[in-house]
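Residue numbers (our numbering): 5 to 204.
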């Protein structure tokens with residue numbers, strides 16, 4: 005009865021009609037707003053620009069070649085992959101790597117486009133927290149595309165044989181980055197103080 009009276013009162017004043025819904029639906033709508041793509045990107049922004057270094061490691065027959073790599077983590081993008089509880093997202097992290105291969109007195113340089121796809125899940129936690137869980141990545145979550153233009157076939161063969169090792173290294177690196185204390189803190193948001201600050 006109270007709802008009807010309130011709605012009629014709104015109509016009499018010319019105000020928009022109030023649409024009510026359940027506490028459960030309200031909570032899901034609130035959580036949906038709190039865990040936006042923008043907030044997720046903000047939570048992991050600390051990894052952008054992070055330097056990444058690899059090697060030197062031996063590669064090829066007899067480990068005769070020595071390979072090193074360096075680069076940076078570029079700006080990630082996020083895609084929502086579920087509409088219902090729990091909210092799930094895919095975080096795509098591009099990494100630009102520059103490789104140097106030293107082989108029998110010669111030096112060969114090339115680049116590789118690397119991408120890591122992280123699976124994220126937004127959880128509600130007590131007392132009133134929003135927590136973004138990150139599924140630990142492994143090499144199956146990493147894609148490597150070698151820019152092979154100008155590479156000698158012998159060098160390309162060595163590089164191609166290293167792909168699995170590069171994937172393993174990058175997955176481990178990203179896992180360590182997203183679990184650093186400042187990023188863990190950003191992934192765990194206490195909503196209570198925000199609500200208290202809005203009191204009037």
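Ideal Cβ positions, reconstructed from N, Cα and C, are used throughout, including at glycine.
Check: Helix, strand or coil at residue 25 according to DSSP, with G and I counted as helix; Outcome: coil
Check: Close beta carbons around residue 113, own chain, < 6 Å, minus the five adjacent residues each side; Outcome: 104
Check: is_contact[residue 161, chain B] using C-beta, thresh 8 Å; Outcome: Although the question refers to chain B, the structure presented lacks it and comprises just one protein chain.
Check: Enclosing alpha helix (DSSP H) for residue 182 [first to last residue]; Outcome: 167-182
Check: Whole-number beta carbon distance between residue 134 and residue 128, since they are thought to touch under 8 Å; Outcome: 7 Å
Check: Segment contact, 8 Å Cβ cut-off, at least three pairs: the segment 91-103 with the segment 70-79; Outcome: yes
Check: Other residues of its chain near residue 38: CB distance less than 6 Å, five sequence neighbours each side excluded; Outcome: 134
Check: C-alpha gap between residue 41 and residue 124, whole angstroms; Outcome: 11 Å
Check: Extent of the continuous beta strand (DSSP E) run through residue 60; Outcome: 55-63
Check: When 175, 143, 195, 199 are compared against residue 132, the one with the closest alpha-carbon; Outcome: 195
Check: Sequence-distant residues of the same chain with beta carbon closer than 6 Å to residue 58, five excluded per side; Outcome: 73, 173
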